[in-house]
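2 protein chains.
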Amino acid sequence: MREQGAASTAPGRVGDVRRRNLALVLANIGPNTRVTRADIAAATGLTKASVSSLVAELLETGLVEELGVTRDGERGRPGVGLALDARRGALGAEINVDYLAVGVVDLHGTLRSHEVAEAVNHGRRPEDVLAELSALAHRCVDAATASGLTLLGGGLAVPGLVDPARGIVLTAPNLRWHDTDVSAVLETLAPEVPFGVVLSNEANSAALAELWYGHGAFFRNYLFISGEVGVGGGLVIGSELFSGPRGYAGEVGHVVVEPGGRRCSCGGRGCLETVAGQEAILAAAGITDGGSTTAARMASLQAALEAGDAQAVTAVERAGHYLGIAVVSAARLVDLSAVVLGGHFAVLRQWIGPALTSSLDGFAPGLVPEGGVAFSELETTAALRGAAGAALRRALAAPYELLG
Amino acid sequence: MREQGAASTAPGRVGDVRRRNLALVLANIGPNTRVTRADIAAATGLTKASVSSLVAELLETGLVEELGVTRDGERGRPGVGLALDARRGALGAEINVDYLAVGVVDLHGTLRSHEVAEAVNHGRRPEDVLAELSALAHRCVDAATASGLTLLGGGLAVPGLVDPARGIVLTAPNLRWHDTDVSAVLETLAPEVPFGVVLSNEANSAALAELWYGHGAFFRNYLFISGEVGVGGGLVIGSELFSGPRGYAGEVGHVVVEPGGRRCSCGGRGCLETVAGQEAILAAAGITDGGSTTAARMASLQAALEAGDAQAVTAVERAGHYLGIAVVSAARLVDLSAVVLGGHFAVLRQWIGPALTSSLDGFAPGLVPEGGVAFSELETTAALRGAAGAALRRALAAPYELLG
DNA sequence: ACGAATTAGTATGTGTTCTGAACTATATGG
DNA sequence: CCATATAGTTCAGAACACATACTAATTCGT
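Top to bottom, those sequences are chains A and B. At position 293 of the first sequence the residue is numbered 294 (our numbering), and the sequence of numbers has no breaks. At position 94 of the second sequence the residue is numbered 95 (our numbering), and the sequence of numbers has no breaks.
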């Protein structure tokens, strides 16, 4: 039971100050903001001299570029604009039950290349899945590098519990993977990138994508709930992913919402997943065509909802009701006041939204204010963007790693 | 809606290194450990020269004292033992519904003086409560200073939501306090102490007391549940209190555990407090003597339990069952594997323990392992110790504040 | 009993990095 | 064209950890 959070025993050295200030200055340089050295000095409290020296080093890393003299029409010598260099990016990849997705995101947040392939990965041999993923990734990376992009790192998101340090998928029930070592593939996806390729949980990555490329502009603290075949989640607190002592935090799919309810695949009872997972909703809606894939049946569900099918509507509203219970519990425990719904919950937003809102009102009036419920618009790129974004953040947090 | 967690915009300065290392060295000095400078150098990675210089400054602060030459029988020059100086301490105080408690805790963790006064504070005028508390506190502080102790700071814990920055009790339903300004009293409790007197939530403080003076030696990550008239909670993650973006985290009393259940005073429905709070348990046990206080009726409950009264036993077991649901949800969301129960839950441990364990087994087998359920032994000193301990930790984390 | 070995702690010079003040560079406005 | 304002650089000085060399105090072996 590896647990993080030990007292930092690392001594502070004089050089740490520079590392911290490099990251601090970099955090003040945005994609298109054209900030000047003087702006940064004013914003950070560092002297102009220090900022100049720090910026010089950041330019060396390639993460930052000078945009030439700004002409803002004011008096005095104009400054030189600085911005993150869009020629640096990271690879993001996702293995999910229904599809594979790969993309390259640059430091401006632009998705530079992107591929999604439908697939039926439930029970498929990991090596076959990983081989297909590799092929997709190489096409994406080649397209991006051809346009002048250099990769800094990457990330792979999977729908399950992972050990990022060892590159192992501990368990992904909906893929039927257990203790699957993917560390070799991680290296081949983006070879020899300075910040490596890191394994992550799909819902956690999607939560981060929402932070950086979605509703994060408005929400700095929220619970992200990812509706896929299973129900995953990610907690964002203070604009950072809260992953818990062992990295398993946010598992909202197995919060108890119906104490008298059904057994769950996790061995427990009354879990959210047993009433709001795709299979549960489909069963309640009476869409039980065993022959077709879950994805195809979800399409049937949507058709039924649009046709006004009462059983389908009730099934989805029931899911919304139970989502509300889980959200209330999470909000109480972790002090949150916003939720972002992704995956099939985002697809079903017009039916599930009102049910969720009324559930929240019933179980904890005022806890989640007006506007505190949002739906993701990132669709199948969410996890991939989050995984790539995490790699970019690793670079932005430790630019000194790129210096001699 | 004040939220913490903004990007730290403070620049790193050369002096920060020293501040960090002072705290680091201090963190390696325990109450009775008799560590030497050489031990600290080995543990921290700092050089002996740096440790010597840092220790010299720590001695100046008065937080640390030299114990004279250690004689450990090994070869070589013996080192000089260092320990936290027990002549420094902090005041802790608690206002609860049934009682007032005050104490002084020194840097060795010893409760140097201590007073508990039964009181019926529900609906009592805040100024009367605070006046009685002040009198108790002055007696305690006088006793402690008479024995040569110097106060570094203090803390006051109340059963409700607080704004520590402004010294205001936002809402304490079981006291009937709302927006009560106690900042003036905070200053008079322990005047002119270097680290101030800070307001906190009772359950959060008790959770910290458990960490520092209770089960914290075994658990670094747990949910503390405080059973008082209401049900409060505190999350400890990585040996630190997790207080959430606005400071309201850990409110396990209002997690939804019985979706079809009763209305709660918070306006919601099915909250844990409606089935495991003292009034709820007493009602279910049929102990409804309206004339006597809650505390007196809790004593009757205990007598009934010891007599084997079936209704009483069932009532408590029912509370344990619902506690299990809340614990499972918390453990899933925040990735915890231990719980510590305090307040009336600790008093009722022999009846509530088995029910809780079996509830956990039913709703999430394996989530909370054998030994992951513990009961507090700090009784009415828990919150007071936590509040005092927090003040001591503030001093230990920022020893440079005591230097010129 | 006495020197060798071992460990604790101190003194001193060096390198890193921030700060502050002086300086250069480049614009606007009358 | 010069006063003024703002951007950015240069350089001396201070703080601090480090490496190395030193002194101090003890045990072990003979």
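For glycine and all other residues, C-beta sits at the position ideal for the given N, C-alpha and C. Note that the structure is predicted; figures quoted are calculated from it, not measured.
Give me the Cα-Cα distance between residue i and residue j, rounded to the nearest whole angstrom.
i	j	result
residue 2(A)	residue 132(B)	Note that residue 2(A) scores 35 on pLDDT, short of 50, meaning its location in the model is unreliable and no value can be drawn from it.
residue 188(B)	residue 164(B)	16 angstroms
residue 1(A)	residue 147(A)	No answer is possible for residue 1(A): the residues shown for chain A start at 2 and end at 405.
residue 271(A)	residue 124(A)	25 angstroms
residue 225(A)	residue 236(A)	6 angstroms
residue 14(B)	residue 51(A)	11 angstroms
residue 292(A)	residue 320(A)	24 angstroms
residue 370(B)	residue 192(A)	41 angstroms
residue 16(A)	residue 88(A)	29 angstroms
residue 39(B)	residue 399(B)	23 angstroms
residue 62(B)	residue 152(A)	50 angstroms
residue 53(B)	residue 129(B)	51 angstroms
residue 280(A)	residue 167(A)	32 angstroms
For residue i, count neighbouring Cβ atoms within 10 angstroms of its own Cβ and tell me buried if that reaches 16, exposed if not.
i	result
residue 143(A)	exposed
residue 99(B)	buried
residue 201(A)	buried
residue 73(B)	exposed
residue 402(A)	exposed
residue 179(A)	exposed
residue 220(B)	buried
residue 404(A)	exposed
residue 184(A)	exposed
residue 248(B)	buried
residue 160(B)	buried
residue 70(B)	exposed
residue 33(B)	exposed
residue 37(B)	buried
Compare the beta carbon distance of residue i and residue j with 9 angstroms and say whether it is the shorter of the two.
i	j	result
residue 199(B)	residue 242(B)	no
residue 81(B)	residue 92(B)	no
residue 102(A)	residue 234(A)	no
residue 149(A)	residue 393(A)	no
residue 377(A)	residue 216(A)	yes
residue 12(B)	residue 60(A)	no
residue 194(A)	residue 181(A)	no
residue 135(A)	residue 65(A)	no
residue 305(B)	residue 288(B)	yes
residue 207(B)	residue 384(B)	yes
residue 337(B)	residue 260(A)	no
residue 223(A)	residue 348(A)	no
residue 366(B)	residue 318(B)	no
residue 230(A)	residue 278(A)	yes
residue 327(A)	residue 273(A)	yes
residue 302(A)	residue 228(A)	no
residue 335(A)	residue 334(B)	yes
Give the range of the alpha helix (DSSP H) segment to which residue i is assigned.
i	result
residue 323(A)	311-335
residue 225(A)	Unbroken run through residue 225(A) is the beta strand (DSSP E), 223-228; no alpha helix (DSSP H).
residue 397(A)	383-398
residue 16(A)	15-28
residue 307(B)	295-307
residue 43(B)	38-45
For the beta strand (DSSP E) that residue i lies in, which residues bound it at each end?
i	result
residue 241(A)	241-243
residue 376(A)	374-376
residue 159(B)	151-159
residue 201(B)	198-202
residue 353(A)	Premise fails: residue 353(A) lies in the alpha helix (DSSP H), 350-364, not in any beta strand (DSSP E).
residue 379(B)	Careful: residue 379(B) lies outside any beta strand (DSSP E) and carries neither H nor E.
residue 181(B)	178-182
residue 164(B)	162-164
residue 172(B)	169-173
residue 342(A)	340-344
Just to confirm, does residue i get its C-beta within under 8 angstroms of one of the non-hydrogen atoms of the ligand ZN?
i	result
residue 98(B)	Absence of the ligand ZN from the depicted structure is noted, as is the absence of any ligand whatsoever, leaving it without description.
inquiry  = Suppose only complete runs of 4+ residues qualify. What are the alpha helix (DSSP H) ranges in the region 63-146 of chain B, listed by chain order?
reply    = Unbroken alpha helix (DSSP H) stretches of 4 residues or longer found wholly inside the region 63-146 of chain B: none.
request  = Please list the segments of the alpha helix (DSSP H) lying wholly inside the region 206-290 of chain A, counting only runs of 4 or more residues, in order along the chain.
outcome  = Listed in chain order, the complete alpha helix (DSSP H) runs (minimum 4 residues) inside the region 206-290 of chain A are 274-277 and 279-286.
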